[in-house]
Every structure is written in C-alpha cells, then in structure tokens.
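The sequence shown: position 84 = 84 (the UniProt record's numbering), numbered continuously.
Where is the CB? At the ideal position from N, CA and C, for every residue including glycine.
Okay, so here's the structure we're looking at.
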Amino acid sequence: MPEGDTVFAAAARLRAGLGGRVLESTDFRIPSLATADLSGREVSAVRSVGKHLLIDVAESRPGAGDAVSIHSHLKMEGAWHVHPRGQRWRRPAYQARAVLRTADHEAVGFDLGVLELLADPDAALAYLGPDLLADDFDREEAIRRLASRPDDTIGAALLDQRLIAGIGNVFRSEICFLRRVLPTRPVREVDLGPVVDLSRRLLWANRLRSARTTTGNTSPNARMWVYGRHGRLCRRCATPVKRGELESPGGERSIYWCPRCQI
Numbered sequence: 001m002p003e004g005d006t007v008f009a010a011a012a013r014l015r016a017g018l019g020g021r022v023l024e025s026t027d028f029r030i031p032s033l034a035t036a037d038l039s040g041r042e043v044s045a046v047r048s049v050g051k052h053l054l055i056d057v058a059e060s061r062p063g064a065g066d067a068v069s070i071h072s073h074l075k076m077e078g079a080w081h082v083h084p085r086g087q088r089w090r091r092p093a094y095q096a097r098a099v100l101r102t103a104d105h106e107a108v109g110f111d112l113g114v115l116e117l118l119a120d121p122d123a124a125l126a127y128l129g130p131d132l133l134a135d136d137f138d139r140e141e142a143i144r145r146l147a148s149r150p151d152d153t154i155g156a157a158l159l160d161q162r163l164i165a166g167i168g169n170v171f172r173s174e175i176c177f178l179r180r181v182l183p184t185r186p187v188r189e190v191d192l193g194p195v196v197d198l199s200r201r202l203l204w205a206n207r208l209r210s211a212r213t214t215t216g217n218t219s220p221n222a223r224m225w226v227y228g229r230h231g232r233l234c235r236r237c238a239t240p241v242k243r244g245e246l247e248s249p250g251g252e253r254s255i256y257w258c259p260r261c262q263i
C-alpha cells in the first residue's frame, strides 16, 4: 500500500532515471492532459512531499516563465516504473497514465490516482502538515497540528495529511501498537512527542527498502506487528489480533490492534 516511504522510494528511482535529463517525448493518457507536451524540457528535480510525487520540469526556454511540475498521487493501486528504453513494461499498457522518455530511460506511471500539471506545486500542497521524510521536518509543528484536534481519535489524526504528512493505513496501525495506544483513544490523552518521533523513525527506516517492515524482520510473514494479522496471535502477548473499522479522513478504514497490549 503506497505511503510516504513508497513515494519517497519512487521519487528516488525517478530521480536516478530522469533527473537532469531532457525529455525526448511525453505521453499523458488522460483526457485533461491529452494535448500536453513537455518534450524538449529538462527534468530539474524529482521530489516527494508526504504521499505526493512531483517531477519538476524546467521552462521551455530561458525566461519563458512556464516551468511546471508533474504532480501525481498513487492512491491505492498506482506505481511509477523506471527502466532503460526498450525494456518490456511490467504492467499492461491500458493501465499507463503517463509515459516520459529521455534518451536512455523511460518512466511509466500506472493507475495514478491523481495526475496533473501544476504551475505552483508548493502553493497547491501548502495545506499538508510537516512531511515526515523531509530533511527539514518540523517536529514541533507536527505536534502542534496533532494537538489542535484533541477530540479526534489518534488513529484518525495520524491519517489526516493536513496534520502530518506521509502516514497511511499500514503505518498508523503499527505506530499505535508500538506506542501501546488504542487507535480509538482521543488525541488529548496521547503523549504526542513519542508518537511523532516513532512515526518519523519508521518511515525513515523504510524509505528505500524493497519490503516494508516495522518489526525489523524482512521475512514475508514476520514484517508487521498487527497490520493484516486479524485473528493471529500478537507477537508480544499471544492474544488474537483484532480488526475493525475506524472513521478516518476519507471514510471508514480498517484498523488492527492488540486488545491486551494497547489500552
């Protein structure tokens, strides 16, 4: 499931394949961008902001003032693949939403939940809370924003990208478990500093891993403490893990917890 670590890794791959290179051709396969053409322009930067990915493209000529960013959000099924030109795609062509080609590499965005061109991406994403994977992550601002919603459940607050950016459904279950906090506990009853610190550590540790783990074990059946383990025994106390639905930004989302370890 794409979360901040997944998007950070995708940005790193895109940066390696496209960064500083000229786009020989661009093919946007959605109606709103059907006539867009960024060929001949240089990719000046590739960066992630929470769960959002930005490919910054320089102006068409010096002084033209039309630099843009290709903004994408993976949502649930999206992915960016980068490979040498001519290599066979790993997903069906009908799923492709953007194809960017340089002299030697090709980047294909599949099933992107959001795809658009932004003239001022920083302004468009200014509503986001502090990015957990940013070099200049503002810990105190993250705590302040979370604390500003005292009556929200901590499980819902961790998913609210306006408060803190990068956490998705997997990490929020794992963070609450590791902090021994029920996801339904109100924010006002939670020690937020350690929650924020743990959130940053977990995402940072996984930002370039091919297989996400919160336990430190990369074996396929040992990577998570509670997420996806409904009915299986808690790795700490051997109590069966519970699964439920929690009202969250965007609607109800599944949540996993240990009824003995978390209070």
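- Judged by pairs of C-beta atoms under 8 Å, the region 112-122 touches the region 66-78, as three or more such pairs exist.
- The straight-line gap separating the alpha-carbon atoms of Asp37 and Arg207 is approximately 31 Å.
- In the three-state reduction of the DSSP assignment, Glu42 falls in the strand class, which pools E and B.
- The beta-bridge partner set that DSSP reports for Leu54 consists of Arg47 and His71.
- Within the DSSP secondary-structure output, Pro183 pairs in no beta bridge.
- Linking Thr184 to Asp152 through their CA atoms gives a straight-line distance of about 9 Å.
- The closest CA to that of Pro2, considering only Asn221, Arg47 and Ala79, is found on Ala79.
- Taking C-beta atoms as the reference points, Val108 and Pro150 fail to come closer than 7 Å.
- When Cys237, Tyr227, Ser48 and Ser248 are compared, the shortest CA-CA separation from Trp257 is found for Tyr227.
- Annotation: Glu24 to Gly86 spans about 14 Å, alpha carbon to alpha carbon.
- Here Ile255 is bridged, per DSSP, to Gly244.
- Burial is judged here by how many other beta carbons sit within 10 angstroms of a residue's own beta carbon; Ala10 has at least 16 and is buried.
- Note on geometry: alpha-carbon atoms of Arg90 and His83 lie some 10 Å from one another.
- Around the beta carbon of Glu252, fewer than 16 other beta carbons sit within 10 angstroms, so the residue counts as exposed.
- When secondary structure is reduced to three states using DSSP, Ala205 falls in the helix class.
- Rounded to the nearest angstrom, the gap between the Cα atoms of Ser44 and Thr218 is 35 Å.
- Val181 is positioned such that its CB atom lies no closer than 7 Å to that of Val170.
- Less than 7 Å divides the Cβ of Gly129 from the Cβ of Ile164.
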